[in-house]
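Chemist: Have a look at this one.
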């Protein structure tokens, strides 16, 4: 009854099935993702590109890739005999872009619950390891890759202590294949600290404050409990293994950074106190108001993954471009910044959002860092990723022009760990398919 | 401490229980008949007979509840009981025209929760209306019962008469006018049918419709029309035009009397007030009073132009919470400004000569009435204006200008007696209701105040009494020590109190005094610890009165600026048209002329007059050097939900063609200004996508600063939103929403077909009716006007154009086939993410398309959305635009257009057309805007770079030759706003405790950022009891929402 090539009917039927509750397992509608690239089998020379190393000025030079690593950067490099050459004259070479904070591979279709594995219940989920639900075959992922992103930091949403994030490379057969780094951060959603008034507020200011205080105490209590477990564990006095608190042992051993999702200065300052109390490395995710306390953040060496580079102002009184200005203000004060759009499918626009904010105070060099080396540093993988330097992973991307501008952005090649990535995707396939229709 | 004077209590209670002068005629008389006379003379009073007229040393004669005479001097005839009011002021009793006095309030809808199943009908009883928010048939006189405690709180403020009805629903029913006298209801009622109360709130109704402000207005419009029709149809029915006998409908019957009954419409802010006015004007309801909100000052000219009298509340807001630096984050400049300006609202209204009454409505405690009125007076309201607002004006409103509101012969003996001038610092001591006194505190109380020499433990001491009963205070000083008296109690000239000695002598005993003041001598006895008594007498010595405490600082000058709209980035004056010579720009014409380098543009009277190179500057023209800049037409968005108030969807019914975005334009939305900063000059406000046939759209020209009327794009042809797919079949609404037809795309087809069939039959009925001879028409009522079907008829007649939300190929083809069958056309498919699959079919139909540049993944029906959609459709010859559907995205539509250059090599000029001339064509305003060519409106943007580059920034945005955005001035303004904000915060902080007094619900609240599928019951949220409602609706900031 269903013609295989009748896309809209397929959709309709699928929706009916979902509505009737027969389909309970997430399934990609199309299984037409490109095949992951094979391991690098011969040296590769990227010749004569404008190389944006992220550690120095861009200049025209060559990059040699051997066994999945960057083997040399410079001009007139010594080239092994069997080297494959890519002439990149006039093109731009960047480190593979890193998108921190999104839910790629966790959500396939936003509105379809069966396709979502992005949010767990309960307040205490430090033991969640997000990578195990990463769908390496998500049709969304190739559409992100083809705009220059080679890596993504995915995180579990939820309330309070939400779980642990993982850095994934975006061209793998399965989550184990794709996993670069697990336990990147322990994610905490900080309770809201702003007070609402007016007709849309549900509770009086006093009631709101009371609830906020309760939530804050609750959160602090969880950390106290986990700390008690940590102390008892050191002394060998725990009576069993608490899945939740056990997974927080590395946090108290200063091995698991704290990623706090917070926008408001009240929240951020509270989070800084907590981090200080437990000597944790703190990263603020969201950070809409972080510019207001940029100096404090810089002094405490707190990094920000800023999620509103395209955002509306947070408050009615703020300038129309306040959300655009924040990354520049943070850098100005010396805060390490990465950028994110905190979604899934729209991650492909992050590169343009990053270009956009350079008109509002972020330098172009800092913009590049925000999607490469600084992102890698925040994710704790700067030893492997984030810059074009000898010894690092051969994860690179080539754009015909300026990667950050619509007028230059044309992704022509991508390598991840030296593997050439097929940049085809669902969208290009459909585009070709319907071009066929109009040629017939 | 017993403070009350027992004599006073007995006076009051006597008036409560004593048989009434106005005893009715029909109740059986049991026991002895009461024949107490009512002959009263009030003498030596300062009487304000009416606003602006004062008599000194006047005598008022009252006979049987009515004022017989008032005159200066004047003698008292024999037989009259005389009250000497030397030093007292007398005013006419106050009238509150907007109360719920004596009526039980509606049951709260706090039990109502979102996520409950929708409710599409309600219980029908008798002749009630089909909508539960309509109570037009209610005559509240039938429920009226005098309420002693409510009356007391009102009479203490000087009120003697009220107009009252239940404040529940949209059409609330007929009010009554009653005296606050405690009497049989039939005696207290002065008028059984007062004005008909109206509001936009559906109150206690749990029916789903209406769920938005525009739905509320549509329901009101249809109901008022129905009422006219119902009256006309009686006895003139004809099955050809009415389908059957005319129903019995008590609500409509009652509304037929609206013109003579008069209307009282409650509003929530000045925008709401202007809407109420327009709706009433549509139905020529001239006799209407509008209950204001305290925000009238914000658009005073427009409020004045309504020519309608107002009723103003005095519930001035408490200052925003700025006590901590942290809490200031949650406070907006708009709220700070309103806090400062609200008390000056009555004065501002008065200065414009707008007639208004005052109401105690909205005050959390009625005792706040006078303190707040004095605030208004300090802010500039004159005594005369205030008194008129309490007496003569409301008397007229309730239809008793000849009986109430003045102290004059023949007027009801309703009086307010004040010790001192009430409008300065007087105190209301009595209120007279139809010749009967309600004593609140004694007139001419015995003055105990003074110094008395006494002895305590054989030592000379001093007793000092201050104030007057029942607020008498006292203390005793011995040596250097002073202690306060306790249990101070007076009864007439009698005085009792307790004196603890501990602080004075160290003894842990209490002395008690009992005595009487007679002709300056206090005589009495002390009782000691042992119970022994010791007599005492002491002459009263005058106590020098302390300078009366300074009343709150006099009206200081306003710190806050008043802007349009009155919030940060509002304008103090509307931008003016300028004649311009823009020199040396790279002009993106959006015409066949393409991109013109080094080109000059001449703008005169709001229009583009000339394009060329090296033009000379005409005399008097403003020269704009645009060297290095790009000039494009103003950006146009086919699909926007900004500037929309209280609901983007009337999401209840499947067809809501009767609702109008035009009704709910919010000119104060900051996203208008933000849009200008992104180069946007025109947007189409579309209804959401919750139903197959949505509401009527409205095109705006973003003239920031204008009111709703001024914001509307002039002469834009009407349009309407349709929708298909998941949203209309409620796929993602949750398990409760499965009962509305249609639930499938199959059903959407039949539903829309049936609606158009009905529209055709409706049209045929009207044509048949209009075909009747005049004689026949006199005998037959016309068909009932149906706003919903009329809208569809407009579509069939090509007078209104469809913009339909659509995603998948099947539904696109379905709707076009259906349109062909039923004889209408789809103007624009919006979203149209699978449009690339059926582009030739749409081209053949004659439709245009407006798409997201690259959205997908957010729901099932967008799985095949691709970022080359615009290119593919463009290549097939369709008119393509790119839309935002989101206020964040609105500001970078140029970047959205650029994506087609990036993803599929669209020509750059063609790409820019997708956000300029193409949407202008879709909105059928391309004869006026959308391109840079001679004769068109001068709507343009100056960019500092290539308009499709991510690095370009809007520097200026112009509409009709007037500059609405300028980045440079914006940056300057920010410092000024910061300064103003800081000064207002200081003003709150220095005002101390007094700033915290006031209403906690008095501020406006910005609407959320609307999206197509927002479907909550916004009417309930807006009008729900403060803090009492619950709804799960939160929006992340600036982040694209997931369902569209």
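Chains as they are written, first to last, in this note's numbering: chain W, 9 to 448; chain Y, 709 to 1752. Even glycine gets a Cβ: it sits at the ideal position worked out from N, Cα and C. Given the structure is predicted, the values throughout are model-derived calculations rather than measurements.
Using the Cα positions of residue 1435 of chain Y and residue 1446 of chain Y, report the straight-line distance between them to the nearest angstrom.
Modeler: For this step, residue 1435 of chain Y is matched to residue 727 along the second chain. For this step, residue 1446 of chain Y is matched to residue 738 along the second chain. Their backbone Cα atoms lie some 12 Å apart in a straight line.
Chemist: Against chain Y, does residue 439 of chain W count as a neighbour if the rule is that its beta carbon must be under 9 Å from one of theirs?
Modeler: Here residue 439 of chain W refers to the residue found at position 431 of the first chain. So yes, residue 439 of chain W belongs to the interface.
Chemist: Under 8 Å by Cβ, that's how I've got residue 1353 of chain Y and residue 1372 of chain Y pegged, so tell me the actual separation to the nearest angstrom.
Modeler: As a working mapping, residue 1353 of chain Y is identified with position 645 in the second chain. As a working mapping, residue 1372 of chain Y is identified with position 664 in the second chain. Sure, about 5 Å apart at Cβ, within 8 Å.
Chemist: Would you check if the distance between the CB atom of residue 1405 of chain Y and the CB atom of residue 1426 of chain Y is smaller than 9 Å?
Modeler: Within the second chain, the letter at position 697 stands for residue 1405 of chain Y. Within the second chain, the letter at position 718 stands for residue 1426 of chain Y. Yes, they are a contact pair.
Chemist: Along the beta strand (DSSP E) that carries residue 1402 of chain Y, what are the first and last residues, could you check?
Modeler: As a working mapping, residue 1402 of chain Y is identified with position 694 in the second chain. Taken as a continuous stretch (DSSP letters only), the beta strand (DSSP E) holding residue 1402 of chain Y covers 1401–1404.
Chemist: Output needed for residue 1209 of chain Y: all residues of its chain with C-beta closer than 6 Å, excluding positions within five of it in sequence on either side, in chain order.
Modeler: The count along the second chain starts at 1 and reaches residue 1209 of chain Y at position 501. Correct list, in chain order: 1215, 1217.
Chemist: At 4 residues or longer, and completely inside the segment 889–963 of chain Y: list those alpha helix (DSSP H) runs for me, N to C.
Modeler: Listed in chain order, they are 893–896, 921–941, 947–950, 958–963.
Chemist: Along the alpha helix (DSSP H) that carries residue 217 of chain W, what are the first and last residues, could you check?
Modeler: Position 209 of the first chain holds residue 217 of chain W. 213–242 is the extent of the alpha helix (DSSP H) around residue 217 of chain W.
Chemist: Output the distance between the C-alpha atoms of residue 1653 of chain Y and residue 414 of chain W, rounded to the nearest integer angstrom.
Modeler: Working through the second chain from its first residue, we reach residue 1653 of chain Y at position 945. Working through the first chain from its first residue, we reach residue 414 of chain W at position 406. Rounded to the nearest angstrom, the two C-alpha atoms are 13 Å apart.
Chemist: Assuming residue 987 of chain Y and residue 929 of chain Y make a contact with CB atoms under 8 Å, what is their CB distance in whole Å?
Modeler: Sequence index remark: in the second chain, residue 987 of chain Y carries index 279 (1-based). Sequence index remark: in the second chain, residue 929 of chain Y carries index 221 (1-based). Rounded, the Cβ-Cβ distance is 7 Å, consistent with contact.
Chemist: Could you check how far apart the C-beta atoms of residue 134 of chain W and residue 256 of chain W are, in whole angstroms? I think they sit under 8 Å.
Modeler: Here residue 134 of chain W corresponds to residue number 126 of the first chain, with the count starting at 1. Here residue 256 of chain W corresponds to residue number 248 of the first chain, with the count starting at 1. About 5 Å; that satisfies the 8 Å criterion.
Chemist: Just checking my contact of residue 806 of chain Y with residue 1019 of chain Y at CB under 8 Å: how many whole Å lie between their CB atoms?
Modeler: By one-based count along the second chain, residue 806 of chain Y stands at place 98. By one-based count along the second chain, residue 1019 of chain Y stands at place 311. The Cβ separation is near 5 Å, so the contact holds.
Chemist: How many whole angstroms separate the CB atoms of residue 865 of chain Y and residue 1078 of chain Y, which I take to be in contact at a CB cut-off of 8 Å?
Modeler: Here residue 865 of chain Y is taken as the residue at index 157 of the second chain, counted from 1. Here residue 1078 of chain Y is taken as the residue at index 370 of the second chain, counted from 1. Yes, they are in contact, since the Cβ atoms of residue 865 of chain Y and residue 1078 of chain Y sit about 6 Å apart, within 8 Å.
Chemist: What separation, rounded to the nearest whole angstrom, lies between the Cα atoms of residue 203 of chain W and residue 363 of chain W?
Modeler: The residue given as residue 203 of chain W occupies position 195 in the first chain. The residue given as residue 363 of chain W occupies position 355 in the first chain. Approximately 34 Å, taken between the alpha carbons.
Chemist: Taking the alpha carbon of residue 1080 of chain Y as the reference point, which residue from Y/1099, Y/1052, Y/1058, Y/1106 has its own alpha carbon closest?
Modeler: Within the second chain, the letter at position 372 stands for residue 1080 of chain Y. For residue 1080 of chain Y, the nearest C-alpha among the options comes from Y/1052.
Chemist: Given this structure, state the Cα-to-Cα distance separating residue 1524 of chain Y from residue 1417 of chain Y, to the nearest angstrom.
Modeler: Within the second chain, residue 1524 of chain Y is the residue found at index 816, counting from 1. Within the second chain, residue 1417 of chain Y is the residue found at index 709, counting from 1. For residue 1524 of chain Y and residue 1417 of chain Y, the distance between alpha carbons rounds to 34 Å.
Chemist: Under 8 Å Cβ to Cβ from residue 1174 of chain Y, same chain only, skipping five residues before and after it: list those, please.
Modeler: Numbered from 1 along the second chain, position 466 holds the residue referred to as residue 1174 of chain Y. Correct list, in chain order: 1157, 1180, 1181, 1182, 1251.
Chemist: Measuring alpha carbon to alpha carbon, tell me which residue in W/116, W/199, W/412 is nearest residue 219 of chain W.
Modeler: For the purposes of this step, residue 219 of chain W is taken as residue 211 along the first chain, with counting starting at 1. Closest by alpha carbon: W/199.
Chemist: Would residue 1290 of chain Y and residue 1642 of chain Y be called neighbours here (beta carbons separated by less than 9 Å)?
Modeler: The sequence position of residue 1290 of chain Y within the second chain is 582, counting from 1. The sequence position of residue 1642 of chain Y within the second chain is 934, counting from 1. Their beta carbons are not under 9 Å apart, which means residue 1290 of chain Y does not touch residue 1642 of chain Y by this criterion.
Chemist: Checking 9 Å against the spacing of the C-beta atoms, do residue 1589 of chain Y and residue 1344 of chain Y come in under that value?
Modeler: The residue you call residue 1589 of chain Y lines up with position 881 of the second chain. The residue you call residue 1344 of chain Y lines up with position 636 of the second chain. Contact: yes.
Chemist: Please say whether residue 407 of chain W and residue 100 of chain W have beta carbons closer to each other than 9 Å?
Modeler: Counted from its first residue, the first chain places residue 100 of chain W at position 92. Counted from its first residue, the first chain places residue 407 of chain W at position 399. It is a contact, given that the beta carbons lie within the stated cut-off.
Chemist: Assign residue 1242 of chain Y to one of two classes, buried (16 or more other C-beta atoms within 10 Å of its C-beta) or exposed (fewer than that).
Modeler: Against the second chain, residue 1242 of chain Y aligns to sequence position 534. Exposed is the call here.
Chemist: Closer than 7 Å by beta-carbon distance: list the chain Y residues that pair up with residue 324 of chain W, in chain order.
Modeler: Indexing the first chain from 1 puts residue 324 of chain W at position 316. Here the neighbours are 1040, 1042, 1275, 1276, 1378, 1714.
Chemist: Which term fits residue 357 of chain W, buried or exposed, when burial requires 16 or more other beta carbons within 10 angstroms of its beta carbon?
Modeler: As a working note, residue 357 of chain W is residue 349 in the first chain. So residue 357 of chain W ends up on the buried side.
Chemist: Which residues in chain W have a C-beta closer than 8 Å to the C-beta of residue 1657 of chain Y? List them in chain order.
Modeler: Against the second chain, residue 1657 of chain Y aligns to sequence position 949. Near residue 1657 of chain Y (Cβ distances below 8 Å), the residues of chain W are 413, 414, 415.
Chemist: Three or more C-beta pairs under 8 Å: does that hold for the segment 75–83 of chain W against the segment 311–331 of chain W?
Modeler: No, the segment 75–83 of chain W does not touch the segment 311–331 of chain W.
Chemist: Could you tell me which chain Y residues have their CB closer than 9 Å to the CB of residue 207 of chain W, listed as they occur along the chain?
Modeler: Sequence index remark: in the first chain, residue 207 of chain W carries index 199 (1-based). The contacting residues are 976, 1709, 1711, 1712, 1713, 1729, 1730, 1731, 1732, 1734.
Chemist: Can you tell which of W/94, W/122, W/81, W/138 has the C-alpha that lies nearest to the C-alpha of residue 109 of chain W?
Modeler: As a working mapping, residue 109 of chain W is identified with position 101 in the first chain. Checking every option, the nearest Cα to that of residue 109 of chain W belongs to W/138.
Chemist: Please confirm if residue 327 of chain W has its CB atom under 9 Å from at least one CB of chain Y.
Modeler: Taking the first chain and counting its residues from 1, the one referred to as residue 327 of chain W is at position 319. For residue 327 of chain W, the answer is yes, since a Cβ of chain Y falls inside 9 Å of its Cβ.
Chemist: Verify the CB distance criterion: does residue 1576 of chain Y have a CB-CB separation below 9 Å to chain W?
Modeler: As a position in the second chain, residue 1576 of chain Y is number 868, starting the count at 1. True, the Cβ-Cβ gap to chain W drops below 9 Å.
Chemist: Does DSSP classify residue 422 of chain W as helix, strand or coil?
Modeler: Indexing the first chain from 1 puts residue 422 of chain W at position 414. Here residue 422 of chain W sits in strand by DSSP.
Chemist: Give me the chain Y residues within the contact set of residue 213 of chain W, using Cβ-Cβ distance strictly less than 9 Å, ordered along the chain.
Modeler: Taking the first residue of the first chain as 1, we reach residue 213 of chain W at position 205. Ordered by position in chain Y, the residues that pass the 9 Å Cβ test against residue 213 of chain W are 1029, 1035, 1038, 1708.
Chemist: Where does residue 1331 of chain Y land, buried or exposed, given buried means 16+ other C-beta within 10 angstroms?
Modeler: Reading the second chain from its first residue, position 623 is the one you call residue 1331 of chain Y. With fewer than 16 Cβ atoms within 10 Å of its Cβ, residue 1331 of chain Y is classed as exposed.
Chemist: Looking at chain W, which residues of the segment 1083–1111 of chain Y have a Cβ within less than 7 Å of any of its Cβ atoms?
Modeler: Listed by position, the residues of the segment 1083–1111 of chain Y near chain W (Cβ gap below 7 Å) amount to none.
Chemist: Below 9 Å between beta carbons is the criterion; list the residues of the segment 106–121 of chain W that meet it against any residue of chain Y, in chain order.
Modeler: Flagged, chain order: 115, 116, 117, 118, 119, 120.
Chemist: Residue 252 of chain W versus chain C: which residues are under 9 Å apart at the beta carbon?
Modeler: Checking the listed chains, one finds no chain C in this structure; the protein chains it contains are W and Y.
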